[in-house]
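Mapping the sequence shown onto my numbering, position 79 (from 1) lands on 80, and the numbers just tick up by one. Glycine residues also receive a C-beta, built at the ideal position from the N, C-alpha and C atoms. Please read these numbers as outputs of a predicted model, since none were measured by experiment. What follows is a short report on a single structure.
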Amino acid sequence: MNTRHMWLSLSVAVGFVVVAASAAGESVGDSVKPNFSHVIPKVPDKSLIAVEVFYPPGGVSLPHRHAHSAFIYAYVVSGRVVSHVEGRPEQTYGPGESFYEMPGAHHLVSRNASTTQPAKLLAVFVVDSDDKELTTNDK
2 MNTRHMWLSL SVAVGFVVVA ASAAGESVGD SVKPNFSHVI PKVPDKSLIA VEVFYPPGGV
62 SLPHRHAHSA FIYAYVVSGR VVSHVEGRPE QTYGPGESFY EMPGAHHLVS RNASTTQPAK
122 LLAVFVVDSD DKELTTNDK
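Written out as structure tokens, the structure is:
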């Protein structure tokens, strides 16, 4: 692993911990766990980053935006997740279903549809390698 990739991976992991910790104080306990990070070969200055988002029963994420360079693909692994990205209707997704967010999208709602069962999704970012803040909660 080269030094740049190792530094990027560490920066991303720390960033997600900070985002998850700040959100945890104001939400019902969603948590984010880094899953994968790698510079994309032959695509200058782009990286692929994946995180797992866990929602306990009734868990929610605060309204947020992602890095302006980030294209995001989200895949529901288990449970049911409600998502509302500005300009599109609110939808509920089950296991095996997916959705995307365009760069600069405003994610108004992201929550577990159930108050009794947990939910989990995998979010995959294609992002500029030098973007450090991948998620910024609304103020």
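- Three or more beta-carbon pairs separated by less than 8 Å are not found between the segment 36-47 and the segment 83-94, which leaves the two stretches without contact.
- Rounded to the nearest angstrom, the gap between the Cα atoms of L49 and K34 is 15 Å.
- Between V61 and A124 the beta-carbon gap is near 15 Å, outside 8 Å, which marks them as no contact.
- The Cβ atoms of Y101 and L122 lie no closer than 9 Å to each other.
- Here E102 is bridged, per DSSP, to I73.
- DSSP places E87 in the coil class of the three-state scheme, outside both helix and strand.
- For the set H107, E98, V40 and E91, the Cα lying nearest the Cα of A68 is the one of H107.
- Ranked by how close their Cα comes to the Cα of K140, the residues V128, R66, S70 and P90 have R66 in first place.
- With a threshold of 16 other beta carbon atoms within 10 Å, R89 falls short and is exposed.
- Per DSSP, the unbroken beta strand (DSSP E) holding L109 starts and ends at H107 to N113.
- About 20 Å separates the beta carbons of F72 and V110, which is beyond the 8 Å limit, so they are not a contact pair.
- Cβ atoms of Y56 and P119 come within 8 Å of each other, at about 6 Å.
- Judged by DSSP in its simplified three-state form, D129 adopts strand.
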